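Visitor: Once you've had a glance at the structure underneath, I'll fire off some questions.
In this note's numbering, the protein residues as written are 2 to 160.
Here you go:
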């Protein structure tokens, strides 16, 4: 992002373009509409998410946004996103007992594994799409040719 860029538009574009998202969930994460909006968009776009539970347990996450701060539909979106992320195996980090460098190493490995999964799935999908196109096309073409051959033989026999 550059100075002058619109924050929400840039974030939306970044989420759309990413293959794997990382959500660092802290004790006050659920108080931020920005954080919750980003998480909700990642979940709605079915992005792979690696959650990092930073000084918080998944069971402690609750949407804390007041009714005045956002609409009821946004509140539902945020609650749904939090419910989904609580059910994803993530990394846990206790800042009083763990080292940041270890967290970064573990997070990097987790993201790389997810990227490999995404690429493998994309390749498998591409291969099945190609097979799916070839098989019907080939069988349709073969049936068409057989019908033309029969029709041609019938005309030759009538002469």
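For glycine and all other residues, C-beta sits at the position ideal for the given N, C-alpha and C. Please read these numbers as outputs of a predicted model, since none were measured by experiment.
(1) Give the C-beta separation of residue 50 and residue 110 to the nearest angstrom, bearing in mind that I take them to be a contact with Cβ-Cβ under 8 Å.
(2) Could you check what DSSP says for residue 77 in three-state terms: helix, strand or coil?
(3) Excluding five sequence neighbours on each side, which residues of the same chain lie with their C-beta closer than 7 Å to the C-beta of residue 31?
(4) Look up residue 59 in the DSSP assignment and say whether it is helix, strand or coil.
(5) On the DSSP bridge list, what partners appear for residue 50?
(6) Given that a residue counts as buried once 16 or more other Cβ atoms are within 10 Å of its Cβ, and exposed if not, what is residue 4?
(7) Where does the unbroken alpha helix (DSSP H) through residue 39 begin, and where does it stop?
Guide: Taking the structure as given:
(1) That pair is no contact at about 16 Å.
(2) helix
(3) 37, 62, 63, 64, 65, 83
(4) helix
(5) 22
(6) exposed
(7) 34-45
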